[in-house]
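Enquirer: Handing you a structure now.
In this note's numbering, the protein residues as written are 24 to 354.
Shown next as structure tokens:
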């Protein structure tokens, strides 16, 4: 046994053949230390154990991935095939370890409606045999293929600090995608979503690529696979204006409607570069329709705030939120 190991590992033979005088604790000049010898012995024994162990026969269960080929161009899968197939294999340890780290894919031919997995050639290493397959049969149900154009449903949340806000709603390009698949699936879809994302503490304009969801893969194909998201974020500030309230739509001069109070305070947020325009805009005013007064039964009506054109006024708070009113009869 020793002679066989010595022939395979001549370095080991040299290490153990060196003679050290009895009682002398020094190691031979130029020779390795005792720790090095022990380390090499451990490595060699581990290698030998591993080599002999892998030559034994074992049983292993692997999940092999599944791929579908040869789907007719005018047909599409209506039911998803299994993502993997569980196969129990028997063979020597070394080829089983190879299969564990590089499992072969099971190919299903879509020209068949039912595929018997027990008859498939898995292209396994020599000496490895299949003991069982679960499931044993896979049904490939197909339907006519249809193609539709669907709007993109954006599932991206953009969070800004209190000092900033979106100037306009985010937009995506393209805003629609082409979806192709089985008629029973595609006809039920109203939109195609993006993946869910959350962008935190956004303080500037962004332009990012957002992938589309692939939850129905491989039943449908989506073109393109991603969209471009554009959003403009700018600094905002707070403004306050006193607005007189006018009553509109009074049918005749027989009655005069008096509001109490006659003005409201409007607190709002506006982009920093639009603040001066918002504070002086003449088309920023408040009204109460006379029809709202006639239909009211509480004695109070809520004013309608008319916002100026071209100015992004947000988060409007009206103080007071409702006004008393009086009808005065003109003699």
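Each residue gets a CB set at the ideal place from its N, CA and C atoms; glycine is no exception. The structure displayed is predicted, hence computed values, not measured ones.
Going by alpha carbons, who is nearest to residue 200 out of 214, 125, 187, 192?
Expert: Here residue 200 refers to the residue found at position 177 of the chain shown. For residue 200, the nearest C-alpha among the options comes from 214.
Enquirer: Consult DSSP for residue 190 and reduce its assignment to one of helix, strand or coil.
Expert: Taking the chain shown and counting its residues from 1, one reaches residue 190 at position 167. Three-state result, residue 190: coil.
Enquirer: Taking the alpha-carbon of residue 367 as reference, which of 272, 314, 241 has the nearest alpha-carbon?
Expert: Missing from the structure shown is residue 367; the chain here goes from 24 to 354 and no further.
Enquirer: Leaving out the 5 sequence neighbours to the left and right, which residues in its chain are closer than 6 Å to residue 86 when beta-carbon positions are compared?
Expert: Start at 1 with the first residue of the chain shown, and residue 86 comes out as number 63. So the qualifying residues of the chain are 107, 109.
Enquirer: CB-CB under 8 Å to residue 101, same chain, minus the five flanking residues each way: which ones, in chain order?
Expert: Against the chain shown, residue 101 aligns to sequence position 78. 164, 165, 166, 205, 207, 208, 242, listed in sequence order.
Enquirer: Report back the beta-carbon spacing between residue 313 and residue 273 to the nearest angstrom; my notes put them in contact at under 8 Å.
Expert: The residue labelled residue 313 in the question sits at position 290 within the chain shown. The residue labelled residue 273 in the question sits at position 250 within the chain shown. That pair is a contact at about 5 Å.
Enquirer: Whose C-beta lies closer than 7 Å to the C-beta of residue 161 among residues of the same chain, with five residues either side of it excluded?
Expert: The residue given as residue 161 occupies position 138 in the chain shown. If we look at residue 161 and ignore the five residues flanking it on each side, its Cβ neighbours are 104, 105, 131, 138, 140.
Enquirer: Hey, which unbroken runs of the beta strand (DSSP E) at 3 residues or more fall wholly within the segment 76-141?
Expert: You should have 80-92, 98-100, 107-115, 129-132, 137-139.
Enquirer: Between the Cα of residue 146 and the Cα atoms of 171, 118, 248, which residue gives the shortest distance?
Expert: Stepping through the chain shown from its first residue, residue 146 is reached at position 123. Taking only the C-alpha atoms, the option nearest residue 146 is 118.
Enquirer: Measuring straight from C-alpha to C-alpha, what distance separates residue 308 and residue 171?
Expert: Numbered from 1 along the chain shown, position 285 holds the residue referred to as residue 308. Numbered from 1 along the chain shown, position 148 holds the residue referred to as residue 171. One C-alpha to the other measures close to 46 Å.
Enquirer: Under the DSSP definition of a beta bridge, which residues are partnered with residue 321?
Expert: The sequence position of residue 321 within the chain shown is 298, counting from 1. Residue 321 pairs with nothing; no bridge assigned.
Enquirer: Output the distance between the C-alpha atoms of residue 282 and residue 317, rounded to the nearest integer angstrom.
Expert: Within the chain shown, the letter at position 259 stands for residue 282. Within the chain shown, the letter at position 294 stands for residue 317. The alpha-carbon atoms of residue 282 and residue 317 are separated by roughly 14 Å.
Enquirer: So what does DSSP say about residue 181, is it helix, strand or coil?
Expert: If you number the chain shown from 1, residue 181 lands on position 158. Of the three classes helix, strand and coil, the one that applies to residue 181 here is strand, per DSSP.
Enquirer: Please confirm whether residue 195 has its beta-carbon closer than 8 Å to some beta-carbon of chain D.
Expert: Absent here is chain D; the protein component of the structure consists of one chain.
Enquirer: Between which two residues does the beta strand (DSSP E) harbouring residue 244 extend?
Expert: By 1-based counting over the chain shown, the position of residue 244 is 221. Here the beta strand (DSSP E) through residue 244 covers 243-246.
Enquirer: Using the three-state DSSP reduction, which class does residue 45 fall into: helix, strand or coil?
Expert: Numbered from its first residue, the chain shown carries residue 45 at position 22. For residue 45, the pLDDT reaches just 49, beneath the cut-off of 50, and the residue's location in the model is therefore unreliable, although a value from the coordinates is still provided. In the structure shown, residue 45 sits in coil (DSSP, three-state: anything other than H, G, I, E or B).
Enquirer: Where does residue 237 sit, in a helix, a strand or coil, going by DSSP?
Expert: For this step, residue 237 is matched to residue 214 along the chain shown. Correct three-state label for residue 237: coil.
Enquirer: Write down every uninterrupted run of the beta strand (DSSP E) in the segment 276-348 whose length is 3 residues or greater and which is fully enclosed by it, in chain order.
Expert: Taking only runs of at least 3 residues, the beta strand (DSSP E) segments lying wholly in the segment 276-348 are 278-283, 286-294, 308-312, 327-329, 337-342.
Enquirer: DSSP three-state label for residue 353, please.
Expert: Reading the chain shown from its first residue, position 330 is the one you call residue 353. Reliability of the predicted coordinates at residue 353 is poor, the pLDDT of 46 falling under 50, and the value obtained from them is presented with this limitation in mind. Coil, per DSSP.
Enquirer: Where in the segment 136-172 do unbroken runs of the beta strand (DSSP E), each at least 3 residues long, occur, reported from the N-terminal end onward?
Expert: Taking only runs of at least 3 residues, the beta strand (DSSP E) segments lying wholly in the segment 136-172 are 137-139, 152-157, 160-162.
Enquirer: Going straight from the alpha carbon of residue 186 to that of residue 338, what length do you get?
Expert: Residue mapping note: residue 186 aligns to position 163 of the chain shown, counting from 1. Residue mapping note: residue 338 aligns to position 315 of the chain shown, counting from 1. If I take the Cα positions, the gap works out to 13 Å.
Enquirer: How close, in whole Å, do the beta carbons of residue 158 and residue 128 come, if the pair is a contact with beta carbons under 8 Å?
Expert: In the chain shown, residue 158 corresponds to position 135, counting from 1. In the chain shown, residue 128 corresponds to position 105, counting from 1. Going by Cβ atoms, the distance from residue 158 to residue 128 rounds to 16 Å, so no, they are not a contact pair.
Enquirer: Following the continuous beta strand (DSSP E) through residue 228, name the residue where it begins and the one where it ends.
Expert: In the chain shown, the residue the question calls residue 228 occupies position 205. Counting along the chain, residue 228 falls outside any beta strand (DSSP E), and DSSP gives it neither H nor E.
Enquirer: Let's see if you can read the secondary structure: which residues bound the alpha helix (DSSP H) around residue 207?
Expert: Translated into the one-based positions of the chain shown, residue 207 becomes position 184. Unbroken alpha helix (DSSP H) run through residue 207: 206-209.
Enquirer: Where do the N-terminal and C-terminal ends of the beta strand (DSSP E) with residue 262 fall, by residue?
Expert: On the chain shown, position 239 is the one that residue 262 refers to. Its beta strand (DSSP E) spans residues 256-271.
Enquirer: Just verifying my parser: in three-state terms, what is the DSSP assignment at residue 252?
Expert: For this step, residue 252 is matched to residue 229 along the chain shown. Correct three-state label for residue 252: strand.
Enquirer: I think residue 271 touches residue 310, with their Cβ atoms under 8 Å apart; what is that distance to the nearest whole Å?
Expert: Along the chain shown, one-based indexing puts residue 271 at 248. Along the chain shown, one-based indexing puts residue 310 at 287. Confirmed, about 5 Å.
Enquirer: Using CA atoms only, rank isn't needed, just tell me which of 334, 315, 331 is closest to residue 325.
Expert: On the chain shown, position 302 is the one that residue 325 refers to. Taking only the C-alpha atoms, the option nearest residue 325 is 315.
Enquirer: Look at the alpha carbon of residue 293 and the alpha carbon of residue 233, and state the distance between them as a whole number of angstroms.
Expert: Here residue 293 refers to the residue found at position 270 when the chain shown is read from its first residue. Here residue 233 refers to the residue found at position 210 when the chain shown is read from its first residue. Approximately 29 Å between the Cα atoms of the pair.
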